[in-house]
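Chemist: Let me begin by handing over the structure; questions about it come next.
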């Protein structure tokens with residue numbers, strides 16, 4: 001195996017590169033600033049609801065927007081001006097000379113139109129809002145977008161559209177492909193693949209109230225009639241059909257293809273696009289890390305100014321103490337105030353492993369530089385030489401079978417395991433492991449579901465990564481085969497992007513079963529229940545490893 005060099009903590013932190021970062025203007029607060037309500041016409045005439053808070057200063061200011069389905073309307077600065085609903089980002093940016101606003105996506109909150117859950121219409125709406133604010137008399141003409149979850153998805157959607165006033169986006173835990181939010185290579189993600197469009201529309205799009213408990217819905221009843229009328233629309237029929245048909249067949253059909261931002265980017269490569277600060281948690285099992293798998297590389301290949309933070313947090317803002325007042329402000333200063341803050345001199349990509357250490361990288365997910373090739377063998381080992389023969393297991397209709405089920409059913413073992421020799425030193429698995437093999441299922445519908453486990457020297461086990469591939473969608477994600485019974489297929493499937501330290505003395509264990517081992521991810525494979533045969537003659541597990549191990553100084 002590849003032996004990593006000794007760990008060295010000699011890389012300077014991001015803050016060491018920063019200078020001339022905006023500081024708070026004395027006396028300026030969110031609650032003491034100018035609050036404006038804007039109703040902005042989308043290209044088709046639907047009115048998009050938005051509120052902006054801007055500091056009471058004479059010079060033009062840049063604009064940062066949160067585009068969201070979760071805001072119900074009404075002034076974000078509440079009665080009496082004692083508190084507001086815009087969160088910490090506004091508390092940091094407004095006193096530093098930024099206008100900060102919230103925009104309700106069409107069909108949500110008090111915006112008119114039909115909530116289509118992503119896609120070209122939403123992107124064009126957001127582009128219209130950006131240009132509206134970029135041309136206000138108090139604006140310096142430069143607009144940025146930032147947010148978490150759907151609020152991190154909308155910026156990526158409109159970034160592909162490339163409106164001229166958009167100068168930067170900071171998407172956090174955003175979706176790059178709505179199909180990937182619901183499926184992993186054709187395997188449904190729990191209820192997300194089974195009625196996501198219906199339940200999500202009920203939560204946030206069913207104006208005026210919705211069922212989303214974290215929202216501020218029905219705060220501004222003046223515009224509720226328009227929002228309600230927007231729900232009765234032909235587009236919503238298509239949205240619901242998109243969810244229903246994918247539940248049945250798992251196909252990435254036309255509905256989902258229009259919500260694949262990477263595909264749109266590749267179709268329009270020559271647009272002048274804004275800078276990107278990409279942030280995603282490697283333990284985010286809501287918007288799962290495979291959303292960055294192709295998208296991260298696609299964005300970097302455009303050549304736009306780029307930075308990424310990939311850390312060991314869940315579905316949330318980045319868990320770094322230097323984020324709010326230092327790094328975030330420096331990034332927006334650079335692109336919205338056109339001030340050289342040194343942020344572009346800092347390393348482009350910073351990755352945190354699950355031991356809590358940060359590394360500076362240049363090309364994470366752009367290609368594997370160092371790799372360990374391991375080969376599953378019929379004796380249950382993972383070795384550095386190829387195996388022969390085959391093994392099989394029963395997939396128990398896509399469930400992870402218990403020992404009791406296995407012993408009582410008479411169907412045979414519900415999993416196969418392959419274990420490496422103990423590691424002689426720590427190994428950092430950095431990126432996306434890949435499994436390749438010829439796989440045959442006896443049933444019409446079947447999936448290959450794999451787990452990687454660290455088996456420690458004391459016998460305890462820790463699931464560390466997962467992969468899934470619908471065998472019906474190996475050759476065509478858009479049109480799955482109705483039956484794969486008896487069909488040998490060459491499968492090449494990536495695990496999730498991760499950065500994991502496997503300790504010296506531990507074994508790496510590969511498990512193939514009806515479902516994933518451990519609490520995450522929440523998969524729900526569609527399977528008839530069949531025998532899965534793994535041909536070992538051409539099977540291999542590729543483990544990307546990082547051998548530089550030069551960490552950031554704390």
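Numbering (the numbering used here), first residue to last: 1 to 554. Backbone N, C-alpha and C fix where the C-beta goes; we use that ideal spot for every residue, glycine too. These numbers come from a predicted model, not from an experiment.
#1: Helix, strand or coil for residue 407? Go by DSSP, reduced to three states.
#2: Go ahead and pull the three-state DSSP assignment for residue 131.
#3: To which residues of the same chain is residue 554 closer than 6 angstroms at the C-beta, ignoring the five residues directly before and after it?
#4: Candidates 530, 308, 198: which alpha carbon is nearest residue 411's?
#5: By how many angstroms is the C-alpha of residue 252 removed from the C-alpha of residue 169?
#6: As a quick exercise: from 148, 357, 91, 113, pick the residue whose alpha carbon is nearest that of residue 236.
#7: Return the CA-CA distance between residue 337 and residue 291, expressed in angstroms with no decimal places.
#8: Candidates 316, 341, 263, 21: which alpha carbon is nearest residue 119's?
#9: Which residues bound the beta strand (DSSP E) around residue 15?
#10: Are at least three pairs of beta-carbons, each pair with one atom in the stretch 468-476 and one in the stretch 376-386, less than 8 angstroms apart?
#11: If you measure between the beta carbons of residue 421 and residue 380, is that distance less than 8 angstroms?
#12: Once DSSP output is grouped into helix, strand and coil, what is the label at residue 587?
#13: Candidates 328, 67, 502: which alpha carbon is nearest residue 149's?
#14: Over what stretch of residues does the beta strand (DSSP E) that includes residue 307 continue unbroken?
#15: Let me know the secondary structure DSSP gives residue 167 once reduced to three states.
#16: Taking the C-alpha atoms as reference points, what is the distance between residue 157 and residue 102?
#17: My understanding is that residue 581 touches residue 550, with C-beta atoms under 8 angstroms, so please give their C-beta distance in whole angstroms.
#18: Contact check, residue 94 vs residue 333 under 8 angstroms by CB: the rounded distance?
#19: Helix or strand or just coil, what does DSSP make of residue 467?
#20: When DSSP labels each residue in this structure, what does residue 364 get in the three-state scheme?
#21: Residues bridged to residue 384 by DSSP?
#22: To the nearest angstrom, report how far apart residue 539 and residue 49 are at their CA atoms.
#23: Between the C-alpha atoms of residue 269 and residue 166, what's the straight-line distance to the nearest angstrom?
#24: From 106, 449, 447, 240, pick the residue whose C-alpha is nearest to that of residue 40; which is it?
#25: Does the beta-carbon distance from residue 288 to residue 496 come in below 8 angstroms?
#26: Leaving out five residues on either side along the sequence, give the residues of the same chain with a beta carbon under 6 angstroms from the beta carbon of residue 190.
#27: Report yes if the C-beta distance between residue 514 and residue 413 is below 8 angstroms; otherwise report no.
#28: Output the boundary residues of the alpha helix (DSSP H) element that contains residue 296.
#29: How many whole angstroms separate the CB atoms of residue 452 and residue 382, which I take to be in contact at a CB cut-off of 8 angstroms?
#30: I'd like the span of the alpha helix (DSSP H) that includes residue 246, first residue to last.
#31: To the nearest angstrom, how far is the alpha carbon of residue 249 from that of residue 480?
#32: Assuming the contact rule is C-beta atoms closer than 8 angstroms, residue 429 and residue 541 should be a hit. Round their C-beta distance to whole Å, please.
#33: What do you get for residue 494, buried or exposed, if any count of 16 or more other CB atoms within 10 angstroms of its CB means buried?
#34: In or out: residue 272 buried (at least 16 other Cβ within 10 Å) or exposed?
#35: Determine which residues share a DSSP beta bridge with residue 39 and list them.
Modeler: This is what the structure holds:
#1: helix
#2: helix
#3: none
#4: 530
#5: 27 angstroms
#6: Sorting 148, 357, 91, 113 by C-alpha distance to the C-alpha of residue 236 places 113 at the top.
#7: For residue 337 and residue 291, the gap between their C-alpha atoms comes out near 30 angstroms.
#8: Nearest C-alpha to residue 119: 263.
#9: Where residue 15 is concerned, there is no enclosing beta strand (DSSP E), given that its DSSP letter is neither H nor E.
#10: no
#11: no
#12: No information on residue 587 is available, as it lies outside the stretch 1 to 554 that the chain covers here.
#13: 67
#14: 306-311
#15: strand
#16: 17 angstroms
#17: The shown model of the chain, from 1 to 554, leaves out residue 581, and the question about it has no answer.
#18: In fact, because the Cβ distance is near 14 angstroms, the residues do not count as touching under 8 angstroms.
#19: strand
#20: coil
#21: BP columns for residue 384 are empty, so no partner.
#22: 54 angstroms
#23: 17 angstroms
#24: 106
#25: Taking 8 angstroms as the Cβ cut-off, residue 288 and residue 496 qualify as a contacting pair.
#26: 522, 524
#27: no
#28: 295-301
#29: Going by Cβ atoms, the distance from residue 452 to residue 382 rounds to 10 angstroms, so no, they are not a contact pair.
#30: 234-249
#31: 7 angstroms
#32: With a Cβ gap of about 11 angstroms, residue 429 and residue 541 do not count as contacting.
#33: buried
#34: exposed
#35: 49
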